[in-house]
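K.L.:
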Amino acid sequence: NAGVIQTPRHKVTGKGQEATLWCEPISGHSAVFWYRQTIVQGLEFLTYFRNQAPIDDSGMPKERFSAQMPNQSHSTLKIQSTQPQDSAVYLCASTAGYEQYFGPGTRLTVL
Amino acid sequence: GDQVEQSPSALSLHEGTGSALRCNFTTTMRAVQWFQQNSRGSLINLFYLASGTKENGRLKSTFNSKESYSTLHIRDAQLEDSGTYFCAAEKASSSFSKLVFGQGTSLSVVP
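Chains as they are written, first to last, in the numbering used here: chain V, 18 to 128; chain S, 814 to 924.
Okay, here's the thing in structure tokens:
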């Protein structure tokens, strides 16, 4: 069991560029969550999918952020026109129904 | 909104001693997870509790949903226990729900 896989581990973008983050959940887990961690805000929920369907995106910024889960083996978080305030560690987690398991995160730096 | 109040924010322990971390919830939570975030930033699962008490080695955790709190006890602290500890709780009654995180406790174990 490789755990939750996230790529890339680090990404540096220029202001205004697009960033796409990838997550591969643990095999057999039916729900995938995205969170963001910053020094100021701590760990905060963004969105989640169950059986590939979007269920709750209440934490997603309404503009520029989007997430998809095209198949059961991966989910993507896309940030368009990145801004310096988007700099954070983006964490993906998966669960079979109860305990959530986290990936190592993608550290996004927007210059 | 729903909040998780975690204390203390920072803690220093000498090797071999122990202490307790606490999370208070502003609303009824269904379950709680405790994590250790290591120096590489990875969130390591420590406990998942829907009620009662669990113990694993030098760690013990309790969740009291009626009184809206959870604790994590560390005994015989070792240098490798250093890191940031987070509690996170689920509100919804369904099996799948976003986690609401506390602000974390930065633990430093010193010789």
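C-beta: ideal position from N, C-alpha, C; glycine also.
(1) Do V/V49 and V/S92 come within 8 Å of each other at the CB atom, strictly closer than that value?
(2) Taking a cut of 8 Å between CB atoms, which residues from the region 843-860 of chain S lie near chain V?
(3) Could you pull the DSSP bridge partners for S/T839 from this structure?
(4) I want to verify the contact list: residues of chain S whose CB lies under 7 Å from the CB of V/A48, in sequence order.
(5) When you compare the CB of V/T112 with every CB in chain S, is at least one pair closer than 8 Å?
(6) Which term fits S/L856, buried or exposed, when burial requires 16 or more other beta carbons within 10 angstroms of its beta carbon?
(7) Identify, in the order they occur along the chain, each residue of the same chain with its Cβ nearer than 7 Å to the Cβ of V/E61, setting aside the five sequence neighbours on each side.
(8) Could you say if the region 64-73 of chain V and the region 815-827 of chain S meet the contact criterion of at least three C-beta pairs nearer than 8 Å?
(9) S/F876 touches chain V at which residues, Cβ-Cβ below 8 Å?
(10) Which term fits S/D889, buried or exposed, when burial requires 16 or more other beta carbons within 10 angstroms of its beta carbon?
(11) Does the separation of the CB atoms of S/G846 and S/Y898 fall below 8 Å?
(12) Where does V/Q102 fall in DSSP's three states?
(13) Please classify V/D74: does DSSP put it in a helix, a strand, or coil?
(14) Provide the residue(s) that pair with S/S820 in DSSP beta bridges, ordered along the chain.
(15) For the beta strand (DSSP E) containing V/V57, list its first residue and its last residue.
P.N.:
Once the coordinates are examined:
(1) yes
(2) A844, Q846, F848, R853, G854, S855, L856 and N858
(3) Beta-bridge pairing links S/T839 to no other residue.
(4) F909
(5) yes
(6) buried
(7) Y52, R53 and G76
(8) no
(9) By Cβ distance, chain V contributes nothing, its closest Cβ being about 13 Å from S/F876, past 8 Å.
(10) exposed
(11) It should be pointed out that residue 846 of chain S corresponds to Gln in this sequence rather than to Gly. Result no, Cβ atoms of S/Q846 and S/Y898 do not sit closer than 8 Å.
(12) helix
(13) coil
(14) S/R835
(15) Careful: V/V57 lies outside any beta strand (DSSP E) and carries neither H nor E.
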